[in-house]
Amino acid sequence: MTTIKNTATSVEFDDNNLLGTLYGEHNLHLARIEQLLDVKLAGRGNIVSIEGQTEACDMARSVLVGLYNKIESGETVTLADVEGAVRLSAVLDNPVKGHKSKSQNSNPQAVGGADNVIRTRKASIRPRSVNQAKYMTALRDQEMVFGLGPAGTGKTFLAVAMAVSFLLEGKVDRIILSRPAVEAGEKLGFLPGDMKEKVDPYLRPLYDALDQMISTDQTEKRMERGEIEVAPLAFMRGRTLSNAFVILDEAQNTTPMQMKMFLTRFGENCHMVICGDPSQIDLEDGSVSGLHDALNTLDHIRDIAFVQFDSEDVVRHQLVAKIVDAYDQKEKRTS
Numbered sequence: 001m002t003t004i005k006n007t008a009t010s011v012e013f014d015d016n017n018l019l020g021t022l023y024g025e026h027n028l029h030l031a032r033i034e035q036l037l038d039v040k041l042a043g044r045g046n047i048v049s050i051e052g053q054t055e056a057c058d059m060a061r062s063v064l065v066g067l068y069n070k071i072e073s074g075e076t077v078t079l080a081d082v083e084g085a086v087r088l089s090a091v092l093d094n095p096v097k098g099h100k101s102k103s104q105n106s107n108p109q110a111v112g113g114a115d116n117v118i119r120t121r122k123a124s125i126r127p128r129s130v131n132q133a134k135y136m137t138a139l140r141d142q143e144m145v146f147g148l149g150p151a152g153t154g155k156t157f158l159a160v161a162m163a164v165s166f167l168l169e170g171k172v173d174r175i176i177l178s179r180p181a182v183e184a185g186e187k188l189g190f191l192p193g194d195m196k197e198k199v200d201p202y203l204r205p206l207y208d209a210l211d212q213m214i215s216t217d218q219t220e221k222r223m224e225r226g227e228i229e230v231a232p233l234a235f236m237r238g239r240t241l242s243n244a245f246v247i248l249d250e251a252q253n254t255t256p257m258q259m260k261m262f263l264t265r266f267g268e269n270c271h272m273v274i275c276g277d278p279s280q281i282d283l284e285d286g287s288v289s290g291l292h293d294a295l296n297t298l299d300h301i302r303d304i305a306f307v308q309f310d311s312e313d314v315v316r317h318q319l320v321a322k323i324v325d326a327y328d329q330k331e332k333r334t335s
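For what it's worth, our numbering labels the leading residue of the sequence shown as 1, then goes sequentially.
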């Protein structure tokens, strides 16, 4: 029987004033790292001692240094950031264990490095999982990207963040955000108000994502100037989209004809992102999802990046990941 011996190491930081933020309220961040990596952490002065298996100690040290550097540069650190740093460290310290993806850049060291960050007026956004890192690289480098997977993995949020970054840097002239107006159990006609008031609830998640990147006031001003447009998918027909960053959200609720119509709007200097969860289709029974059809039709085209997320990439509450797994297991049993 092989006995695994624990090792001890430590990491020293320059500024004691930053350690309160690093440790978290009531040492919550340290406790989460201990829980996820099965190590013991203890802070004394400006030194944090680490005890556990060698690989886990190395990962913990990498996580602590990365978070400290983030705080030192003026960024905030939340519990979600801590969990994301642990996810990434598992791959960066051992690339063999990395996830597979159809994204063009599958090197964890390249996509998970310190330079892989989206900067907007209100936030600097870093990946919290290896697939998020690959997705961010694909968004930056590829003209057309499919982001596929369950809710809470950051597909739409990161796409909107990259779109805002492109707009602020002058790489595109406008952002166009779209969704199919498909009911999820409710009937559109029963909602009060005119057409805009009926459709706006379906587009609310896109407005919410924008508000986290730039101020509400800036969003409204840019919408008035035509630099940001949020519209139902039906409004895309007949247009050619040039010098734009275009995002289609909830793409699983398109029909094949709608998806073809949207994809063929592609114009000069266009960046197009299609986000969807193939497991949450709200179309009528028997209807073919345009997202499924597009994946089967386009998967051989090398100039299109496909990034697949799973429950391990869920960055909402950890309970969401468990719920996603439970439904996936149920679907496998019934099929």
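Beta carbons are placed, not taken as given, at the ideal position from N, Cα and C, and that holds for glycine.
Bear in mind that the values here come from a model prediction, so they are computed numbers and not experimental data.
- Take the alpha-carbon of A60 and the one of V39: they are about 8 Å apart.
- Membership of E224 in the alpha helix (DSSP H) is indicated by the continuous run 216 to 224.
- The continuous beta strand (DSSP E) containing L177 extends over residues 174 to 179.
- Judged by beta-carbon spacing, F245 lies within the 8 Å limit of I175, meaning their Cβ atoms are closer than that value.
- The secondary-structure analysis by DSSP pairs E51 across a beta bridge with A8, K40.
- Per DSSP, H300 lies in no beta strand (DSSP E) segment and is marked neither H nor E.
- Rounded to whole angstroms, the gap between the alpha carbons of S62 and L148 is 29 Å.
- Under the criterion of beta carbons closer than 8 Å, F306 and D299 qualify as touching, at roughly 7 Å.
- DSSP places V82 in the helix class (H, G or I) of the three-state scheme.
- Here the segment 262 to 277 lies against the segment 156 to 172, with 3 or more beta-carbon pairs under 8 Å apart.
- Beta-bridge partners assigned by DSSP to E229: I176.
- The three-state reading of DSSP puts F13 in coil, since its state is none of H, G, I, E or B.
- Between V65 and the set A80, I47, G52, the nearest pair of CA atoms involves I47.
- CA-CA distance, V117 to S129, rounds to 13 Å.
- Within the model, the alpha-carbon separation for Q280 versus A251 is close to 10 Å.
- If the five residues before and after T153 are omitted, its C-beta is found closer than 6 Å to the C-beta atoms of F309, D313, V314, all from its own chain and listed in chain order.
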